[in-house]
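One structure is given below, encoded as structure tokens.
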Amino acid sequence: MKRICFAAALAWAALMPARADTTLVFNEIMYHPATNETVLEWVELYNQMAVDLDIGGWRLDGDVEYTFPTNSRIAGRSYIIVAYFPPAMFASTSQTNIAGPFLHRLNNGSGHLILRNQNGRQVDEVNYGTSGEWPVAPDGSGVSLAKRERDAGSKDPANWTSSEQINGTPGTDNFPTGSSVRLMAIDDAFQYEASGTDLGTTWREPGYDDSGWSSRSGLLNRVVPGLFNTGVDASGIALADGANDPHYVLSYTAQGTPGMSAIVCLNNAAWLANDPASKWISVVSSGATSINGGGYGYRTTFSLTDFLLNTVRINFSVSIDNAMTNVFLNGVAQNQSFTGFATYSSPFTLSSGFANGANTLEFGTENQGAGPGAFRALVSGSGLAANTNSPLPSGPVTYYFRRSFNFSGNPNYSTLQINPVVADGAVFYLNGVEVYRQNMPGGTINYTTPASSNVTSVTYSGPITIPATNLVFGPNVLAVEV
């Protein structure tokens, strides 16, 4: 199966969008995290002035509600984050200017936010969505809704796009270069032709008619397969007390046999109550039963076949009697710990250390002396993966892809960059002229030319600067043969 996807960031000298007629504005919104966890929602505000701003008594209104405490301040040209669950933001970022929690939750798909000053006057407003000019990617793919230019107004959807980074850029510049504008997102759809016909060279040209071609995205945001909460079956339905958990085994244990399945456990009266989403697991079936003191390792496996590993995020919250002493991803300690059985921990996040194919996630726990002991977890993950919903047909040596984009800047003061994902090799053409090739031999390329090597694991390349000589104002075409 062949897979391909592209993204391109473009920087140029151009007029900026209309400046917002205000002092504090909405700048970035994480309204639909990839795992749909409310605790990861947040709103970022930006102070457009060069001086500090006292925002005590200011408030968020609309879909969520929050009032800034007296003496709240935001430094000039700085950001403040309002989070649904501030501890999660403190744990996942290095930012300290975090406020909250706000009431209610940000709406997925579309929503309405208002910022009012201490006198109740509306200072800024945004009605975001996923139709028209609003970007679709922030609605659950893991990226945020990010303002293109932080000094621009918030009402115009043209001033908003999706963040270039998974999880957004809370508390920092959305696009650090200050002049970079994305022309294609990594999950944008391309027109493609895979009939096995040699199309020669005319297909590269801007005027070529590709209306009869099919369309597909090379990458899609996917839930990581094989990740399950504790105490549920393959459909996510809670198992009966005493049942074997099919997803968690005891990698080491102070009682029983290593390699045995964890047992779904009736909760102790003092523990967080079992519910349909997850249940306690242990080496016994009742939380009223004592188990030996010592270490217990609960291990689960999941697959990242076809995923771009640097886009994967695994999130989990745990509850434990007595202590989670560490977490191991593929045998490597993550230095994460927690103690407490009456509630879940704040979310932990894993963003690196993954392997192509099978991965192991192990929760190291300890029962500190003989007595009741068990473990419980909510686990989820997502990332960009090859679009296997619409695989390309096998057989052709070469596949053709085209995508049009509009450019509204000055081509004479522009730099183009791409971040391609390619398997196996590709040649890129901008308006009919070759601008880059990857994993392809030098010299003339034709329909029968194979890639230089087989690519077994797709990954990002770049950013790679490509010639902008053929870039024109208005419609342009990026054509790729794979």
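Our numbering puts the first residue of the sequence shown at 2, with every later residue one more than the last.
Even glycine gets a Cβ: it sits at the ideal position worked out from N, Cα and C.
Touching by the beta-carbon criterion (3+ pairs, under 8 Å), the segment 358-365 and the segment 277-286 = Judged by Cβ distances under 8 Å, the segment 358-365 makes no contact with the segment 277-286, as fewer than three pairs qualify.
Tell me, which residues are paired with R377 by DSSP?
-> Beta-bridge pairing links R377 to S320.
What did DSSP end up calling N160 once you bin it into helix, strand or coil?
-> Residue state, collapsed to three classes: helix.
Identify every residue that forms a DSSP beta bridge with M50.
-> DSSP lists no bridge partner for M50.
What is the residue span of the alpha helix (DSSP H) that M90 lies within?
-> Taken as a continuous stretch (DSSP letters only), the alpha helix (DSSP H) holding M90 covers 87-93.
Could you check the C-alpha separation between R205 and D140 for me, to the nearest Å?
-> Going from the Cα of R205 to the Cα of D140 covers about 33 Å.
Secondary structure at V456, three-state DSSP: helix, strand or coil?
-> Per DSSP, reduced to three states, the secondary structure at V456 is coil, with no helix or strand assignment.
List the DSSP bridge partners of T254.
-> As a beta-bridge residue in DSSP terms, T254 pairs with Y297.
CB of S218 within 8 Å of CB of A190, strictly | The Cβ atoms of S218 and A190 lie closer than 8 Å to each other.
Neighbourhood of R106 by C-beta, 8 Å cutoff - its chain only, sequence neighbours within 5 removed | Closer than 8 Å at the Cβ level, and outside the excluded window around R106, lie T39, E42, D64, V65, Y85.
Proximal residues to N432 (C-beta, below 8 Å), its chain only, five neighbours per side dropped | Only E206, P207, N471, L472, V473, N477, V478 meet the Cβ criterion.
Does the distance from the CB of G294 to the CB of I264 come in under 8 Å?
-> Contact flag unset, no.
What residue range is occupied by the uninterrupted beta strand (DSSP E) comprising E150?
-> Per DSSP, E150 belongs to no beta strand (DSSP E) and is neither H nor E.
Could you name the residues of the same chain whose beta carbon sits closer than 7 Å to that of Y209, not counting the 5 residues immediately before and after it, in chain order?
-> These residues qualify, in order along the chain: T203.
Cβ contact check for the segment 377-387 and the segment 318-326: 3 or more pairs under 8 Å | By the criterion of at least three beta-carbon pairs nearer than 8 Å, the segment 377-387 is in contact with the segment 318-326.
Assuming L220 contacts L385 under a Cβ cut-off of 8 Å, what Cβ separation, rounded to an integer in Å, is found between them?
-> Between L220 and L385, the beta carbon gap of about 5 Å places them in contact (Cβ cut-off 8 Å).
Which value, in whole angstroms, describes the spacing of the CA atoms of N109 and T131?
-> Near 9 Å, if we compare the C-alpha coordinates of T131 and N109.
Check whether the Cβ atoms of K148 and W135 sit closer than 8 Å, and answer yes or no.
-> Contact: no.
Does DSSP put V40 in a helix, in a strand, or in coil?
-> Helix, per DSSP.
Spatial distance of P468 from E435 (CA atoms) | One C-alpha to the other measures close to 9 Å.
Write down the C-beta distance between V483 and Y400 rounded to the nearest angstrom, noting that I regard them as a contact closer than 8 Å.
-> With a contact defined as Cβ atoms closer than 8 Å, V483 and Y400 qualify at about 5 Å.
If we count the other Cβ atoms within 10 Å of its Cβ and call it buried at 16 or more, is N390 buried or exposed?
-> For N390, the pLDDT reaches just 48, beneath the cut-off of 50, and the residue's location in the model is therefore unreliable, although a value from the coordinates is still provided. Per the 10 Å Cβ criterion, exposed.
DSSP bridge partner residues for T350 (one or two, in chain order) = BP columns for T350 point to N316.
What is the DSSP secondary structure of N360, counted as helix, strand or coil?
-> It is a strand residue.
Selection from E29, T312, L273 that minimises the alpha carbon distance to L351 | Out of E29, T312, L273, T312 has the C-alpha closest to the C-alpha of L351.
A371 lies in the beta strand (DSSP E); which residues open and close that run?
-> Taken as a continuous stretch (DSSP letters only), A371 belongs to no beta strand (DSSP E), as it is neither H nor E.
Can you grab the Cα-Cα spacing for the pair M185 / D125, in whole Å?
-> Their backbone Cα atoms lie some 29 Å apart in a straight line.
Distance, N72 Cα to G58 Cα | For G58 and N72, the distance between alpha carbons rounds to 8 Å.
Please state whether DSSP places L310 in a helix, a strand or coil.
-> Helix.
Which residue or residues does DSSP assign as beta-bridge partners of V478?
-> Its beta-bridge partners are S405.
Given V225 as reference, the closest of N48, L61, A427, A356 once Cα atoms are compared | Comparing alpha-carbon positions, the option among N48, L61, A427, A356 lying closest to V225 turns out to be A356.
Just the Cα atoms here: how many angstroms apart are N440 and V481?
-> Taken atom to atom, the span from the alpha-carbon of N440 to that of V481 is near 13 Å.
Just grab the DSSP bridge partners of Y430 for me.
-> For Y430, which the question treats as bridged, DSSP gives the partners E435, A480.
Bridge partner(s) assigned by DSSP for N327 | Bridge pairing for N327: G365 [DSSP].
N485 - containing beta strand (DSSP E), residue span = Nothing about residue 485 can be read from this structure; the chain reaches only from 2 to 483.
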